[in-house]
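Participant:
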Amino acid sequence: MPALYPGLHDEAVKKRHLRYARSLVDAGYSFDMLVDEGRADAQELVRDALALPDFTLGDQDSGTVVRTPDGELAAVAVVTAVNYDNGTALFVRALATAPAHRSTGIATVVLGLVPQILSQVGMPTRSLVTGACPQERGSFFHRAGFLVLEPGDPLPYDFGGIEAELLDATVPTDRCWFFRDVK
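All residue numbers for the sequence shown refer to this note's numbering, where the first residue is 1 and numbers rise by one.
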């Protein structure tokens with residue numbers, strides 16, 4: 001399985017995540033679960049920030065949102081949990097940051113919080129976190145600790161085709177799969 005970018009060592013990823021998280025919390029940002037009253041705003045942020053005018057949150061979608069001290073939505077991670085033969089997979093359907101809040105580490109932190117979605121509903125947090133991205137975004141996922149495959153390479157897990165249903169509308173055809181086993 002050729003990798004465009006191998007995942008970084010867990011300790012390096014953890015240090016980077018904590019540095020960004022501390023900075024954001026100190027600045028007054030808050031991190032919460034995506035709940036019903038925030039779904040419309042989250043969907044709109046994904047549509048605007050990622051230029052995906054047809055993106056729609058599904059009933060199965062959950063996620064994490066980041067708000068500024070004054071309550072403005074700054075970032076969102078939209079995920080769907082899927083059970084498969086090896087356990088639970090969390091598909092990152094969208095990861096979006098409002099333009100005014102980019103380059104602050106928000107996307108890195110919110111992506112790192114994705115496994116906690118499982119703990120919020122009483123499930124074990126061990127999971128495979130996966131998704132697809134355009135090749136030019138591959139280095140971001142690499143720095144966040146994910147293994148990123150070469151463009152066009154298939155995902156080395158069998159999810160019975162659900163990945164196409166969940167992700168095809170959000171990434172280009174030259175996508176790179178990214179994944180990380182979270183324990």
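Positions of the beta carbon are idealized from the N, C-alpha and C atoms, including for glycine.
1) Does the structure place the region 105-114 close enough to the region 153-164 that three or more beta carbon pairs sit under 8 Å?
2) For arginine 22, count neighbouring Cβ atoms within 10 angstroms of its own Cβ and tell me buried if that reaches 16, exposed if not.
3) Can you give the Cα-Cα distance for glutamine 43 and aspartate 10, rounded to whole angstroms?
4) Is it the case that the Cβ atoms of leucine 45 and alanine 96 are separated by a distance below 8 Å?
5) Classify arginine 180: buried if its beta carbon has 16 or more other beta carbons within 10 angstroms, exposed otherwise.
6) For the region 7-92, list the beta strand (DSSP E) runs that are entirely contained and at least 3 residues long, ordered along the chain.
7) Using a Cβ-Cβ cutoff of less than 7 Å, which residues in the same chain neighbour glutamate 223 once the five nearest sequence positions on both sides are dropped?
8) Sort Gly145, Leu57, Ala74 by Cα distance to alanine 189 and report the nearest one.
9) Tell me whether arginine 180 sits in a helix, a strand or coil according to DSSP, three-state version.
10) Using DSSP's beta-bridge definition, name the partner residues of serine 127.
11) Please report the residue range of the alpha helix (DSSP H) in which leucine 155 lies.
12) Please report the straight-line C-alpha distance between valine 79 and leucine 57, rounded to a whole angstrom.
13) In the DSSP output, what is threonine 97 paired with across the bridge?
14) Using beta-carbon positions only, say whether phenylalanine 148 and glycine 160 come within less than 8 Å of one another.
15) Which value, in whole angstroms, describes the spacing of the CA atoms of leucine 167 and valine 25?
16) How many Å lie between serine 127 and glycine 71 at the Cα?
Facilitator: Inspection of the coordinates gives the following:
1) no
2) Sequence index remark: in the sequence shown, residue 22 carries index 22 (1-based). Result: exposed.
3) Translated into positions along the sequence shown, residue 43 becomes position 43. Translated into positions along the sequence shown, residue 10 becomes position 10. Answer to the nearest angstrom: the Cα atoms are 31 Å apart.
4) The count along the sequence shown starts at 1 and reaches residue 45 at position 45. The count along the sequence shown starts at 1 and reaches residue 96 at position 96. Contact flag set, yes.
5) Taking the first residue of the sequence shown as position 1, residue 180 is located at position 180. Per the 10 Å Cβ criterion, buried.
6) The beta strand (DSSP E) runs lying completely inside the region 7-92 and spanning 3 residues or more are 30-33, 62-67, 73-84, given in chain order.
7) Lying before the first or after the last residue shown, residue 223 is absent from the chain, which here runs from 1 to 183.
8) Since the displayed the chain opens at 1 and closes at 183, residue 189 lies outside it and no answer follows.
9) Counting from one through the sequence shown, the residue named residue 180 turns up at place 180. Strand, per DSSP.
10) Along the sequence shown, read from residue 1 onward, the residue named residue 127 stands at position 127. When beta bridges are read from the DSSP output, serine 127 appears opposite Val182.
11) Working through the sequence shown from its first residue, we reach residue 155 at position 155. Run containing leucine 155: none; DSSP gives neither H nor E here.
12) Within the sequence shown, the letter at position 79 stands for residue 79. Within the sequence shown, the letter at position 57 stands for residue 57. Computed Cα separation, rounded: 10 Å.
13) Translated into the one-based positions of the sequence shown, residue 97 becomes position 97. Threonine 97 is bridged to Ala75.
14) Within the sequence shown, numbered from 1, the residue matching residue 148 stands at position 148. Within the sequence shown, numbered from 1, the residue matching residue 160 stands at position 160. It is worth fixing the name first, because residue 148 is valine in this sequence and not phenylalanine. A distance of 8 Å or more separates the beta carbons of valine 148 and glycine 160.
15) Residue 167 sits at position 167 when you count from the first residue of the sequence shown. Residue 25 sits at position 25 when you count from the first residue of the sequence shown. Taking the straight line from one Cα to the other gives about 31 Å.
16) Taking the first residue of the sequence shown as position 1, residue 127 is located at position 127. Taking the first residue of the sequence shown as position 1, residue 71 is located at position 71. Their Cα atoms are separated by approximately 30 Å.
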